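Sequences listed follow chains A and B, in order. Numbering follows our numbering, in which position 434 of the first sequence is assigned residue number 434; successive positions increment by one, without gaps. Numbering follows our numbering, in which position 234 of the second sequence is assigned residue number 234; successive positions increment by one, without gaps. Quick reminder that beta carbons are idealized off the backbone N, C-alpha and C, glycines included. Values in this document were obtained by computation on a predicted structure and should not be read as measured data. The structure appears right after this line, and notes come after that.
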Amino acid sequence: MSDLLTGYDHGDLFDEVFAPGGVVRPHYRELVGRVRDLTAEDLEHRERIRDAIFRTQGITFTVYGDDDGVERTFSLDLLPRIIPAEEWDVIERGVVQRVTALNRFLDDLYVGEQAAVHEGVVPRWLVHTAEGFRREAFGIPMPHGARCLVSGVDLVRDAQGTYRVLEDNLRNPSGISYVLENRAAMTRVLPRAFAAQRVRPVDHYGPMLLRALRAVAPPAAGDQPVAVVLTPGAYNAAYFEHAFLARQMGIELVEGRDLVVDEHVVSMRTTAGLQRVDVIYRRIDDDFLDPVVFRPDSLLGVPGLLSAARAGNVTIVNAVGNGVADDKAVYAFVPDLIRYYLGEEPVLPNVATYLLWDPEQRAEVLERLDELVVKPVAASGGYGLVIGPHAQDEELAALRSRIEADPRGFVAQEVVALSRHPTLVDGRIEGRHVDLRPFAIAGERVEVIPGGLTRVALRRGSLVVNSSQGGGSKDTWVLGAEAVPDPAADGG
Amino acid sequence: MLARLAENLFTAGRDIERAEATARMVDITYHSLLESPSGERGDAWEQLHEVLGTVAEPDDDALARLVLDRGEPRSVLASVTRAREHVRSVRELVSTELWEVINDLHLTLATTGLARQVDEQPYHLLAGVRRACLTIYGVASDTMPRDEAWRFLALGRLLERAAMTCRLVQVHHQRLEQLSGPSRRLGLGGDPAGLEPGPGDFHQWVTVLKSAAALEAYRRRYRASMDPADVVEFLLLEPDLPRSVAFCLTGARLQLEALAAGRRSRAVREVGRASASLTYRDVSELFAMGLAPFLLDIQARMQRVDAAIAGEFFRHHPSGALHAIASP
Chain A
1 MSDLLTGYDH GDLFDEVFAP GGVVRPHYRE LVGRVRDLTA EDLEHRERIR
51 DAIFRTQGIT FTVYGDDDGV ERTFSLDLLP RIIPAEEWDV IERGVVQRVT
101 ALNRFLDDLY VGEQAAVHEG VVPRWLVHTA EGFRREAFGI PMPHGARCLV
151 SGVDLVRDAQ GTYRVLEDNL RNPSGISYVL ENRAAMTRVL PRAFAAQRVR
201 PVDHYGPMLL RALRAVAPPA AGDQPVAVVL TPGAYNAAYF EHAFLARQMG
251 IELVEGRDLV VDEHVVSMRT TAGLQRVDVI YRRIDDDFLD PVVFRPDSLL
301 GVPGLLSAAR AGNVTIVNAV GNGVADDKAV YAFVPDLIRY YLGEEPVLPN
351 VATYLLWDPE QRAEVLERLD ELVVKPVAAS GGYGLVIGPH AQDEELAALR
401 SRIEADPRGF VAQEVVALSR HPTLVDGRIE GRHVDLRPFA IAGERVEVIP
451 GGLTRVALRR GSLVVNSSQG GGSKDTWVLG AEAVPDPAAD GG
Chain B
1 MLARLAENLF TAGRDIERAE ATARMVDITY HSLLESPSGE RGDAWEQLHE
51 VLGTVAEPDD DALARLVLDR GEPRSVLASV TRAREHVRSV RELVSTELWE
101 VINDLHLTLA TTGLARQVDE QPYHLLAGVR RACLTIYGVA SDTMPRDEAW
151 RFLALGRLLE RAAMTCRLVQ VHHQRLEQLS GPSRRLGLGG DPAGLEPGPG
201 DFHQWVTVLK SAAALEAYRR RYRASMDPAD VVEFLLLEPD LPRSVAFCLT
251 GARLQLEALA AGRRSRAVRE VGRASASLTY RDVSELFAMG LAPFLLDIQA
301 RMQRVDAAIA GEFFRHHPSG ALHAIASP
C-alpha cells in the first residue's frame, strides 16, 4: 500500500492523528481513510481550488515590515484538525471557567472593591506595573461585567496530550474570521468529508456576537441599541476581519473619523446627519482609542470617547484596561484567581511559568536559559519571543542582560513539546506543530464557539504558529457527541 | 449610511466609469491611428489627453501612461486600484460578487509583465478592462438592493459619464474649429444641417461616436448621414442614449431625489437645473448660443451639483455649542 501517509514520521511527540505505534485515533479514522484514497495530484488540485477561492474573495492579512505585496492570503491546510466531543467538553468548560474568572477579576479591579488585590491573590505592585493596566478605566461601567466580551484563549497540547493554556488574549483577539472562512472553503474543497461526519457548525458566531454586544448596551439605549465595529482602517493587519464581522452582524464598520462626541454622547456621521451609537466593538488598541486621554497624536481614535463611556452613554467592547489580565506575568496567577473568585479548581492547567523578579526563580532561569522559552510580558503575536533551545549564544547573552535590566518585563516558561498534526507540505504529508485558539463570547453568560483557530507552524520543527511569523491554519472540527464510531462495530 | 462610505461608493462609481471610458478611448485612438497618416499621431493622443484631463509630456508613451502607469492618477490602473480600495472599505455594503469582480480586475492589472503585452497588442487587455467594468455594473445591478449604497455608486458613475461625454464633444468641437476655421463653425447661419462635412471631419465624428460607444446606435437612428448637428444632438440631448449627457443627468436627478427622500435638497435643485437645461433644449438653440459657451455652462452646473452633494451627504458636523465655535 503506497499513499500520502506512507512513510509519515510519527515522531516521539504527541501526534493528533496517530496514537503511539502508528494506530489511527478513532475520531480520525474516517478522514485518514479518505486521505489514503487521494493522490498527491488530487490534493494539489484541491489546493489550487482553495487558493482561487481565497484570492478572489480577498481573504488576506498584512505583514508589517514586509515590502513586497502588502497582502498575503492566509494559508489554510487541507487536513482538518478533529476534536472529539469528550475532549471538547473539557476545553469548553475550561475556557468558560477561565473567562468567567478573568471577567470577575477585571470588574473587581476597575469598578469593584479590588478584593483579589487587597487579599494578596495577585500582588498589587504587579497589577500596577502591568503595561495594559489603565487608571483611566476606573469607574467605567460594563453591564454584566463582560469586560472580556470577546476572548481568545491559546491552548497547546503537551507530550502527554494534556491541553494547557499558553496565553490569554483579552484585548483584541483576532482570527475568528479565518475560522469561519476556513470552514466555508473546506466545505467547498472537501465536501464529502463533511457529509460523513457530524461536524458542529461555527457560522452562528456573528449573531452570537451581536446578541452579546446588544446585551451590554447602556441601560439608556432602549431596546434597539445601535452597535458598530470600530476599525483603525483598511491598512490594519486585521482589517479583513473587521469588515467581515461587521458584515456578519449587519452593522456599520466605522473609523474614528466617522464618530463624533458631543455632550458625552457618541454619534456617527451618516448621509442623513448624526446618528447615536450605543455600543462600540472597537478593534483599536487602548492607546489609540481617545487622544484626549491616551496618545494625543492618535488619529485613529475619537476625542471624548472615554468620557462618554464613563458617563454611561456608550459601552466600549472589549473594555479598556483588559491588558492587565493578559500580561504574561499576571497569567501565572490566573489559576489562583479561578480558585479565589469561583472556588473551583482550574479545568485547564497553565504552562509552568517562572517569574523573573523573584531572585531565586530568576537565578534558576538564567542557569537554564538555553532550555526555556522567554517572552516579553506585554507583547502578542509571537513578537520578541526567544526559544532557548533554538537560539544562538549571542542571542541568549543579549536576552540575559535584558532580563537583568528589567526582570518584570519577561517571563520564562518550560518549552512545551507542542503536539503535531499531519500537514500538507510541498506535496507531502509531514507532522507540524499546532496550537488551538478557541473564541469565547461573554454577554449575559460565557459561550465558546465549537472549535476555534488551529494554527500550524509550517516550518519543520518550528514552535511558532503565529500567522505574522509564517504560520498557517487548519479548519477545526468539533464532532457531535455521537459521531465517533464504536471501535467494536468498526472491527478495530 | 455612513457619510464616508457613501462618499467612497460615489468615488468608486466615478473611478470604475473612468477606467472603462479610458480603456475604451485608448483602444479607439490606438486602432484608429493604425489607419491614419503618421502626422495625425501626436495630434490624436493629445486630443485624448485633453478629453481625459491628463497632461501630455514630451516623448511620452501615451499608451503606457494612460493604461498601466501607477504615477498617473487618471490611468486605468490607478483608477481601478482606487476603486478597489474604496469598494474594499465598503465590502459590508456591497455584494460579495461585486467585490470579487473588482478584485479580479485589479489582480489582472497588477500582473507583472503586462506592460510588454500592452505595448505589443493592447486590444486584449483593454477589451478585458471594459468587459470587467461592465460586469461590475451588471453584477451590482443584479445583486444589490436599490438602497443608498447602490444609489451613490450609480450616482458617481452617471455624473462621471456626463462629464466625460461633455469633454469629448468639447475637445473635438474645438479641434474642428481650429482645423477648419470659423467659417465652418457648427450651426453658423442657423442651418447646421446645410453644412457639408469634409472627409477629415467625418473621420473625427466617427471617432467621437465610437469613443462614446454610440456609433452603432447613431447609425440605427440617423442611418448613413454623419451630420455634426446630429452627432451633437445625439450625444448631448438624446434622452434614451445611455451615454448622452441628458440621459446621465436625468438618471442622476432620479437617484438624488430618492436619496433626498422628500427633504428639501440643494443637490436635487442643482441637478434638476442642469438636467432641464438639456431636456427642454432644441439642438438649433445650442448652435445659436454657441456650442462652446453652452458646454462650459453645463460643466459649471455639474460642478455645482458635485459641491451640493458633498455638502449635503458627505460632511456633517454636530450642532453643539463647542463644535459651533470650532467650525465657522
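Between the segment 74-95 of chain B and chain A, which residues of the former have a C-beta closer than 8 Å to a C-beta of the latter? GLU85, ARG88, SER89, ARG91 and GLU92
Next on the checklist: To the nearest angstrom, how far is the alpha carbon of THR454/A from that of VAL434/A?
Outcome noted: 6 Å
Problem - Helix, strand or coil at ALA325/A according to DSSP, with G and I counted as helix - result: coil
Simplified DSSP assignment, three categories, for TYR496/A: Residue 496/A lies beyond the range of chain A shown here (1 to 492); nothing can be said about it.
Specify, as a first and last residue, the run of the alpha helix (DSSP H) that TYR354/A falls within. Careful: TYR354/A lies outside any alpha helix (DSSP H), inside the beta strand (DSSP E) at 353-355.
task = Name the two residues that bound the continuous beta strand (DSSP E) containing MET302/B.
result = Taken as a continuous stretch (DSSP letters only), MET302/B belongs to no beta strand (DSSP E), being part of the alpha helix (DSSP H) at 291-309.
Counting contacts by CB-CB distance shorter than 8 Å, is ILE325/B in contact with chain A?
For ILE325/B, the predicted model reports a pLDDT of 48, less than 50, meaning its position is unreliable; a value from the coordinates is still stated below. No, no contact with chain A.
Item to complete: For the segment 235-243 of chain A and the segment 206-222 of chain A, state whether three or more C-beta atom pairs, one from each stretch, are separated by less than 8 Å.
Response: no
Run down chain A in chain order and give the residues with a C-beta less than 8 Å from the C-beta of ARG318/B. According to the sequence provided, residue 318/B is Pro. The question's Arg does not apply to it. What PRO318/B touches in chain A: VAL260, ASP262, SER267 and LEU274.
Considering only DSSP beta bridges, list what ILE140/A is partnered with. Answer is none; ILE140/A lacks a bridge partner.
Could you give the first and the last residue of the continuous alpha helix (DSSP H) run that contains GLN361/A?
359-367
Any beta carbon from chain B within less than 8 Å of GLU252/A's own beta carbon? yes
Handout entry: Cα-Cα separation, PHE294/A to ALA227/A
Key = 23 Å
CA-to-CA distance, LEU190/A to ALA310/B, given in whole angstroms
49 Å
- Query: Quick one: what's got a C-beta closer than 6 Å to PHE152/B's C-beta in the same chain, skipping five residues either side?
  - Reply: ALA6, LEU9 and PHE10
Measuring CA to CA, which of VAL165/A, LEU109/A, THR162/A and VAL150/A is closest to PHE138/A?
LEU109/A
* Asked: Quick one: Cα of LEU399/A to Cα of LEU372/A, how far?
  -> 12 Å
| If we count the other Cβ atoms within 10 Å of its Cβ and call it buried at 16 or more, is ALA307/B buried or exposed? | exposed
Chain A residues whose Cβ lies nearer than 7 Å to that of LEU286/B | Ordered by position in chain A, no residue passes the 7 Å Cβ test against LEU286/B, which lies about 35 Å from the chain.
Worksheet item: Does the separation of the CB atoms of PRO303/A and VAL292/A fall below 8 Å?
Response: yes
Nearest by alpha-carbon distance to ILE82/A: which of PRO422/A, ARG282/A, ASP326/A and TYR8/A is it?
PRO422/A
- Identify the continuous beta strand (DSSP E) that holds ASN169/A and give its terminal residues. 163-169
On a Cα-Cα basis, can you pick out the residue from ARG281/B, GLY262/B, SER277/B and ALA274/B that is closest to ALA272/A?
GLY262/B
query: Does the Cβ of PRO80/A lie closer than 7 Å to at least one heavy atom of the ligand NAD?
result: This structure lacks the ligand NAD; in fact it carries no ligand of any kind.
- Message: Please report the distance separating the alpha-carbon of ASP66/A from that of THR111/B.
- Response: Only weak support is given to the placement of ASP66/A: the predicted model assigns it a pLDDT of 42, under 50, and the value that follows is read from those uncertain coordinates. For ASP66/A and THR111/B, the distance between alpha carbons rounds to 19 Å.
Starting from the beta carbon of GLU257/B, find every residue of chain A whose beta carbon is closer than 7 Å, and list them in chain order. Ordered by position in chain A, no residue passes the 7 Å Cβ test against GLU257/B, which lies about 14 Å from the chain.
Does the distance from the CB of LEU34/B to the CB of VAL118/B come in under 8 Å? no
Margin query: Measuring only the C-alpha atoms, how far is GLU41/A from ILE429/A?
Written below: 13 Å
- Query: Mind checking GLY69/A: buried by the 16 CB within 10 Å criterion, or exposed?
  - Reply: Bear in mind that the predicted position of GLY69/A carries a pLDDT of just 44, short of 50, making it unreliable; the figure below should be weighed with that in mind. Result: exposed.
Practice prompt. With DSSP as the reference, label ILE251/A as helix, strand or coil.
Written response: coil
query = For LYS494/A, which of GLU252/A, GLU345/A, PHE410/A and VAL347/A has the nearest alpha-carbon?
reply = This structure cannot settle anything about residue 494/A, because the visible part of chain A is limited to 1 through 492.
Margin query: For a quick check, are the C-beta atoms of ARG157/B and ILE16/B less than 8 Å apart?
Written below: yes
*For the segment 149-176 of chain A, which residues have a CB atom closer than 9 Å to at least one CB atom of chain B, in sequence order?*
none
Quiz item: Which residue or residues does DSSP assign as beta-bridge partners of GLU474/A?
Solution: Per the sequence presented here, residue 474/A reads as Lys, with Glu not at that position. BP columns for LYS474/A point to ASP77/A and THR454/A.
Q) What are the uninterrupted segments assigned as alpha helix (DSSP H) that are 4 or more residues long and contained completely in the segment 234-294 of chain B, given in chain order? A) 245-260, 266-279 and 283-289
If we count the other Cβ atoms within 10 Å of its Cβ and call it buried at 16 or more, is LEU278/B buried or exposed?
buried
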